[in-house]
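Contents: one structure, followed by commentary.
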Amino acid sequence: ELYQKSWFENMWDRTPQDRRVILDTQFRCPKPISDFVSAAFYDGDYHAGAGMEKKQSILSFCVGPLAFVDTQHVNNRRESSVQNGDRMDVTGNELETMIVVDLLERAVAERPELADKREIGVIVPYAKHVEQIRAEIARRRKNGQLRALNCPLHELVASVDSFQGQERDL
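Per my numbering, the sequence shown starts with residue 37, numbered consecutively.
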């Protein structure tokens, strides 16, 4: 029973309503990103602070600070997964890996100072996808591509949980 909820969740449930406060405003990322996070995870109760609506894309090939690449209509996405009890665990996604690393390569070519200052982060939800992206970056470095991107791979590519609380320009 102790492992079903975190310590914080247990304390929250036991705290009287009039003593609970939720920090619902962020001052780090552009408004379109916090709007997406708000709608997807916080029932619209998470907000961008003053000035966040002015933050724009820092790359010429992106129309805004948040972009989605839809791969659902690609016939062979080269995804792999295994059944693990009652859930499917993603073990790889070759198409998305190539798209992510291609975009990373393009971003570094356009804005090498972001790589120099370690202001780039690649955040993905699955640990196996983290490994796959790191391996592709390492392969391209070895082949002479992405040499400008010399930060440690564990700092560059990580899971959502690993990046919690960090801030990067890209």
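Glycine included, each C-beta is placed from N, C-alpha and C at the ideal position.
Exclusion of the five residues before and after residue 187 leaves 154 as the residues of its chain whose Cβ lies within less than 6 Å of its Cβ. Minimum Cα-Cα distance from residue 82 among the listed residues 73, 89 and 90 corresponds to 73. Judged by their CB atoms, residue 174 and residue 156 are not nearer to each other than the 8 Å cut-off. Around the CB of residue 92, fewer than 16 other CB atoms lie within 10 Å, so the residue is classed as exposed. In terms of Cα proximity to residue 206, the closest of 95, 67 and 52 is 95. Comparing C-alpha distances from residue 203 to each of 97, 159, 183 and 111 shows the shortest one belongs to 159.
Of the candidates 197, 172, 150 and 136, 197 places its Cα closest to the Cα of residue 163.
Residues of the same chain with their beta carbon placed closer than 8 Å to that of residue 200 are lacking, with the five preceding and five following residues left out of the count. The Cβ neighbour count for residue 46, taken over all protein chains shown within 10 Å, is under 16; the residue is labelled exposed.
Counting C-beta atoms within 10 angstroms of its own C-beta, residue 58 has fewer than 16 neighbours from the protein chains shown and is therefore classed as exposed. DSSP places residue 168 inside the alpha helix (DSSP H), whose first and last residues are 163-178.
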